[in-house]
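**Student:**
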Amino acid sequence: MSDLNKLYKETILEHNRNPRNYGKPETWTHEAEGLNAVCGDLVHVYLTIEAGLLKQINYAGESCAISMASASMMTEFSQGMTVSQWQHHFDLFKQLMDKSGQVDSFPELGPVNTLATVKKFPSRIKSATLCWYALAAAINGEATATTE
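Converting from the sequence shown to my numbering requires adding 156 to each position, the first position being numbered 1.
Structure representation (structure tokens):
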């Protein structure tokens with residue numbers, strides 16, 4: 157097993173067993189639901205934006221380990237960014253997760269790069285990206301997001 161595959165497996169298991177920022181907060185300013193109807197992943201993202209800053213990001217839902225781990229990693233990685241910083245990182249993340257793309261990492265994405273190994277299993281890409289699209293929807297004032 158390559159070092160990247162081993163790190164991916166360890167990261168997914170760690171974030172699935174010990175999710176960060178999981179649960180519905182008491183207050184939030186933006187929210188959106190993400191649904192992947194093909195596999196049944198459902199994630200709800202709650203965030204507080206103050207002065208253009210992603211101050212608090214939480215998520216809840218019923219999804220596979222990859223989807224839940226990606227949401228945990230996303231909240232941990234994104235919290236504290238400005239909206240424009242996050243949108244830039246979201247663009248990089250979409251390139252990273254493009255199954256036809258040749259990019260395996262971006263230094264700016266740090267530990268999120270471990271999710272690139274999902275590209276070996278194209279049907280799982282939607283699970284890894286669902287929460288990111290839900291967060292984008294929430295930022296844009298949209299109620300729902302889908303990976304379909």
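Where a beta carbon is used, it is the ideal one built from N, C-alpha and C, also for glycine.
1) Output the distance between the C-alpha atoms of histidine 186 and leucine 291, rounded to the nearest integer angstrom.
2) Considering only the beta carbon of each residue, do valine 194 and alanine 227 sit closer than 7 Å?
3) Check whether the stretch 172-187 touches the stretch 260-274, taking contact to mean three or more Cβ pairs, one atom from each stretch, closer than 8 Å.
4) To the nearest angstrom, how far is it from the Cα of leucine 252 to the Cα of proline 181?
5) Going by DSSP, name the residue or residues bridged to leucine 191.
6) Please check the pair threonine 303 and asparagine 192, which I expect to be a contact at CB under 8 Å, by giving their CB distance rounded to whole angstroms.
7) Out of Ala221, Thr238, Ser219, point me to the one whose CA is closest to isoleucine 213's CA.
8) Return the CA-CA distance between leucine 248 and asparagine 269, expressed in angstroms with no decimal places.
9) At the level of alpha carbons, what is the spacing between glutamate 189 and alanine 207?
10) From glycine 196 to serine 219, what does the alpha carbon distance come to, in whole angstroms?
11) At a cut-off of 6 Å, would you count alanine 301 as near the ligand FAD, judging by its Cβ distance to the nearest heavy atom?
12) Which term fits histidine 245, buried or exposed, when burial requires 16 or more other beta carbons within 10 angstroms of its beta carbon?
13) For glycine 179, which residues from the same chain have a beta carbon less than 7 Å from its beta carbon, with the 5 sequence-adjacent residues on both sides left out?
**Tutor:** By the coordinates alone:
1) Here residue 186 refers to the residue found at position 30 when the sequence shown is read from its first residue. Here residue 291 refers to the residue found at position 135 when the sequence shown is read from its first residue. Rounded to whole angstroms, histidine 186 to leucine 291 spans 9 Å at the Cα level.
2) Stepping through the sequence shown from its first residue, residue 194 is reached at position 38. Stepping through the sequence shown from its first residue, residue 227 is reached at position 71. By the CB criterion at 7 Å, valine 194 and alanine 227 fall outside the cutoff.
3) no
4) Translated into positions along the sequence shown, residue 252 becomes position 96. Translated into positions along the sequence shown, residue 181 becomes position 25. So the alpha carbons of these two residues sit roughly 30 Å apart.
5) Start at 1 with the first residue of the sequence shown, and residue 191 comes out as number 35. Note: leucine 191 sits in a beta bridge opposite Leu198, Thr302.
6) Here residue 303 refers to the residue found at position 147 when the sequence shown is read from its first residue. Here residue 192 refers to the residue found at position 36 when the sequence shown is read from its first residue. Contact between threonine 303 and asparagine 192 holds, since their C-beta atoms are separated by about 5 Å, short of 8 Å.
7) Here residue 213 is taken as the residue at index 57 of the sequence shown, counted from 1. Selected option, being the one with the closest Cα: Thr238.
8) Here residue 248 refers to the residue found at position 92 when the sequence shown is read from its first residue. Here residue 269 refers to the residue found at position 113 when the sequence shown is read from its first residue. The straight-line gap from Cα to Cα measures roughly 10 Å.
9) Numbered from 1 along the sequence shown, position 33 holds the residue referred to as residue 189. Numbered from 1 along the sequence shown, position 51 holds the residue referred to as residue 207. If you take the alpha carbons of glutamate 189 and alanine 207, they lie about 23 Å apart.
10) The residue given as residue 196 occupies position 40 in the sequence shown. The residue given as residue 219 occupies position 63 in the sequence shown. Approximately 7 Å between the Cα atoms of the pair.
11) For the structure depicted, the ligand FAD is absent and the ligand set is empty, with no information on it obtainable.
12) What you label residue 245 is simply residue 89 of the sequence shown in a count that begins at 1. So histidine 245 ends up on the buried side.
13) Residue 179 sits at position 23 when you count from the first residue of the sequence shown. The answer, listed in chain order, is Asn214, Ala216.
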